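The block underneath contains the structure these notes are about, expressed in structure tokens.
Numbering (the numbering used here), first residue to last: 627 to 815.
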């Protein structure tokens with residue numbers, strides 16, 4: 627989802643405010659990272675993972691062709707030709723246009739809106755975010771914006787509330803999981 631999506635006014639049927647909060651707050655940091663074209667450092671671990679995951683050398687993969695590739699087990703609703711044409715047009719025509727002057731100013735403004743919305747969500751939730759999926763995404767966005775920022779440091783300070791090492795390895799916790807676990811017991815009382 628391009629970051630320009632966050633500029634859509636609320637009266638439009640596809641306004642971000644009309645998305646379910648979990649979708650909206652997951653797409654928001656992903657659109658920021660996409661708009662920034664963020665790529666993490668290529669370490670030896672990343673290279674090893676690429677070798678293990680992909681069936682051909684990473685540098686030889688034609689990503690444009692792969693856009694429509696999906697395992698048959700994962701296709702619940704097959705893409706129509708019109709849908710594939712739309713995605714190709716957005717990727718091959720709209721994206722390059724948005725990244726050149728004068729429209730790149732729109733991209734920059736959209737990225738500012740996206741990161742401000744991320745900061746708003748972070749501050750409103752005291753850097754806990756709405757869940758364990760959004761937490762690392764928002765934290766990564768803050769790091770991409772400025773690795774030395776207070777925003778990133780505040781995320782790091784709350785990370786221990788999601789991650790811990792248990793007797794069976796690293797664990798991730800979802801907020802309110804104890805409440806959800808206790809409701810059946812309370813109802814049975």
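By construction, the Cβ of each residue, glycine as well, lies at the ideal position given by its N, Cα and C atoms. This structure is a prediction, so every number in the text was calculated from the model and none was measured.
Distance between beta carbons of residue j and residue i, contact taken as under 8 Å
| i | j | result |
| --- | --- | --- |
| residue 782 | residue 655 | Actually they are not in contact, since the Cβ atoms of residue 782 and residue 655 sit about 16 Å apart, beyond 8 Å. |
| residue 661 | residue 733 | 6 Å |
Three-way DSSP call (helix, strand, coil) for residue i in this model
| i | result |
| --- | --- |
| residue 661 | helix |
| residue 795 | strand |
| residue 789 | strand |
| residue 702 | coil |
| residue 708 | helix |
| residue 695 | coil |
| residue 748 | helix |
| residue 629 | helix |
| residue 636 | coil |
| residue 726 | coil |
| residue 643 | helix |
| residue 667 | coil |
| residue 776 | helix |
| residue 764 | helix |
| residue 758 | coil |
| residue 863 | With the chain represented from 627 up to 815, any question about residue 863 goes unanswered, as that position is not in the structure. |
| residue 718 | helix |
| residue 687 | coil |
| residue 753 | coil |
Distance CB(residue i)-CB(residue j) smaller than 8 Å
| i | j | result |
| --- | --- | --- |
| residue 785 | residue 796 | no |
| residue 627 | residue 657 | yes |
| residue 741 | residue 651 | no |
| residue 739 | residue 632 | yes |
| residue 630 | residue 717 | no |
| residue 767 | residue 775 | no |
| residue 664 | residue 770 | yes |
| residue 793 | residue 754 | no |
| residue 680 | residue 687 | yes |
Minimum Cβ-Cβ distance from residue i to chain C less than 8 Å
| i | result |
| --- | --- |
| residue 798 | Absence of chain C from the displayed structure is noted, only one protein chain being present. |
task = Indicate whether the contact test is met: 3 or more Cβ pairs, each with one atom in the stretch 717 to 726 and one in the stretch 737 to 755, closer than 8 Å.
result = These segments do not touch.
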